[in-house]
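S.K.:
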Amino acid sequence: MNTLLKDFKDRMHIFHDSEDSNLKGILDEATIYIKDKTGLDDKDTRGRRLIMERGRYAYNDQLEFFEDNFLSELLGASFSGLEEAENNGE
1 MNTLLKDFKD RMHIFHDSED SNLKGILDEA TIYIKDKTGL DDKDTRGRRL
51 IMERGRYAYN DQLEFFEDNF LSELLGASFS GLEEAENNGE
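Quick note: the sequence shown, position 64, residue 64 per UniProt numbering, numbers continuous.
1. Counting along the chain, where does the alpha helix (DSSP H) carrying F15 start and finish?
2. How should R11 be labelled, buried or exposed, when 16 other C-beta atoms within 10 angstroms of its C-beta is the threshold for buried?
3. Grab the span of the alpha helix (DSSP H) containing L50 for me, first residue to last.
4. Just mark L75 as buried or exposed, buried being the case when its beta carbon has 16 or more other beta carbons within 10 Å.
5. For F66, I'd like the list of residues in its chain whose CB is within less than 6 Å of its CB, leaving aside the five on either flank, ordered along the chain.
6. With DSSP run on the structure shown, which of helix, strand or coil describes G76?
7. Do you know how far the Cα of K9 is from the Cα of D17?
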């Protein structure tokens, strides 16, 4: 089991393996979404936290509230990524 899935299951207090396929799909979609919006992935602490939070919202069928509740963090992460790219000459 990959560490993102394990950490998510720990965070959500899910102790069985029967949902692993569904959870992996949720986390894969969350990773793509966060990478697209911010340029961050699960190797970055902020990216990992946003992926986990988006996964939590998706798991609880509350995804429509994620962007409103995390807009400032998404924008902050996006701007940080942009600044880093500019500083690296990209």
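Note that the Cβ used here is the ideal one computed from N, Cα and C, for glycine as well.
M.R.: Taking the structure as given:
1. As a position in the sequence shown, residue 15 is number 15, starting the count at 1. For F15, there is no enclosing alpha helix (DSSP H), as DSSP gives it neither H nor E.
2. Counting from one through the sequence shown, the residue named residue 11 turns up at place 11. It is exposed - the Cβ of R11 has fewer than 16 other Cβ atoms within 10 Å.
3. Indexing the sequence shown from 1 puts residue 50 at position 50. Its alpha helix (DSSP H) spans residues 45-59.
4. For this step, residue 75 is matched to residue 75 along the sequence shown. Residue environment analysis places L75 among the exposed positions, since fewer than 16 neighbouring C-beta atoms fall within 10 angstroms of its C-beta.
5. One-based indexing of the sequence shown puts residue 66 at position 66. These residues qualify, in order along the chain: R54, Y57.
6. Counting from one through the sequence shown, the residue named residue 76 turns up at place 76. In this structure, G76 counts as helix in the three-state DSSP scheme.
7. Position 17 of the sequence shown, counted from the first residue, corresponds to residue 17. Position 9 of the sequence shown, counted from the first residue, corresponds to residue 9. Roughly 9 Å between the two C-alpha positions.
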